[in-house]
Ligand SMILES: C[S@@+](CC[C@H](N)C(=O)[O-])C[C@H]1O[C@@H](n2cnc3c(N)ncnc32)[C@H](O)[C@@H]1O
Ligand SMILES: [Zn+2]
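Residue numbers (the working numbering): 8 to 273.
Laid out in structure tokens, this is it:
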């Protein structure tokens with residue numbers, strides 16, 4: 008079993024009845040949904056994705072539009088005995104991964120709203136509210152870390168990985184949702200993370216793949232879910248968002264993601 012450590016003092020957390028406690032007396036409750044809230048330092052009242060964003064993502068992902076991505080993730084992590092999904096959101100990929108493997112899987116997200124939903128979805132995965140910057144695990148705990156469309160905290164991911172451990176990053180490619188971005192903005196910029204800059208110090212790239220396909224959004228609800236699960240909803244002009252949400256369909260929309268596998272540097 009992966010050991011969870013106290014985010015305050017770093018001592019081992021022991022489970023007693025409905026709480027986790029360290030030898031120094033720091034106590035963390037287990038919620039009725041089964042997750043543990045280990046977030047101690049908050050920069051805002053409700054950090055991470057809010058309830059509406061989480062709900063939109065849940066509905067969109069449950070429609071199956073990104074199932075191909077999930078399949079690729081599952082096959083890339085085949086054979087790993089312990090996996091940490093950081094920034095796991097409402098657990099769509101975490102749940103499907105757990106259903107495909109006997110690995111011990113933990114999911115961490117800074118959003119309590121997201122973790123609440125994730126914990127209801129899959130009881131086998133241990134979900135935690137916490138930050139990717141300061142993960143509540145001992146160094147060298149996991150065989151793999153998964154980071155999907157989330158911030159890459161390379162130093163911390165490398166720390167919690169065993170020697171020879173792997174990091175799988177899924178990020179947006181140049182053309183991801185391009186047709187939607189063209190409707191939302193006058194100037195469409197390249198929305199791509201510089202993976203080499205983010206990971207280069209701690210990791211070596213061992214395999215990179217681009218997954219590109221088209222999806223058809225057939226009704227207003229599907230369009231609304233996609234717009235609202237992205238930061239574009241907050242960043243684009245309100246009237247542009249409203250005009251996209253008035254559309255009855257959005258066909259031939261490009262999904263373009265990069266799946267990059269890294270090995271922890273020795
Ligand atoms: C775009 S969502 C991706 C969610 C999920 N991986 C997916 O692909 O469906 C990014 C997630 O990162 C979380 N997040 C943001 N900052 C974080 C941090 N410092 N530590 C952990 N999670 C964080 C957000 O709450 C959100 O759920
Ligand atoms: Zn403690």
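Positions of the beta carbon are idealized from the N, C-alpha and C atoms, including for glycine.
What is the rounded straight-line gap between the Cα of residue i and the Cα of residue j?
i	j	result
residue 271	residue 212	9 angstroms
residue 7	residue 97	Because the chain is modelled from 8 through 273, residue 7 falls outside the range shown and cannot be assessed.
residue 177	residue 109	22 angstroms
residue 133	residue 194	42 angstroms
residue 30	residue 19	8 angstroms
residue 42	residue 228	30 angstroms
residue 222	residue 114	28 angstroms
residue 37	residue 26	5 angstroms
residue 210	residue 254	43 angstroms
residue 16	residue 10	14 angstroms
residue 45	residue 259	42 angstroms
residue 55	residue 33	24 angstroms
residue 201	residue 242	21 angstroms
How close, in whole Å, do the beta carbons of residue i and residue j come, if the pair is a contact with beta carbons under 8 angstroms?
i	j	result
residue 249	residue 225	Actually they are not in contact, since the Cβ atoms of residue 249 and residue 225 sit about 20 angstroms apart, beyond 8 angstroms.
residue 237	residue 186	That pair is no contact at about 13 angstroms.
residue 137	residue 117	7 angstroms
residue 188	residue 63	Contact flag wrong, Cβ pair sits at about 17 angstroms.
Quick one: grab the DSSP three-state call for residue i.
i	result
residue 107	helix
residue 193	coil
residue 237	coil
residue 80	helix
residue 73	coil
residue 187	helix
residue 219	strand
residue 255	coil
residue 228	helix
residue 272	coil
residue 264	strand
residue 85	coil
residue 19	strand
residue 113	strand
Could I get the ranges of all uninterrupted alpha helix (DSSP H) runs contained in the segment 32-70, with 4 residues as the minimum, in chain order? For the segment 32-70, whole alpha helix (DSSP H) runs of length 4 or above, ordered along the chain, are 58-69.
Run through the segment 148-177 for me and flag every whole alpha helix (DSSP H) of 4 or more residues, listed as ranges in chain order. Note on the segment 148-177: whole alpha helix (DSSP H) runs with a minimum of 4 residues are 161-167, in chain order.
Let me have the residue list for ligand 1: C-beta closer than 5 angstroms to any non-hydrogen atom, ordered along the chain. What you get when you keep residues with a C-beta closer than 5 angstroms to any heavy atom of ligand 1 is 55, 56, 94, 96, 116, 117, 118, 121, 138, 139, 155, 156 and 157.
Below 6 angstroms from a heavy atom of ligand 2 - residues by beta-carbon: Near ligand 2, meaning a beta-carbon closer than 6 angstroms to one of its heavy atoms, we find 13, 15, 16, 18, 29, 31 and 33.
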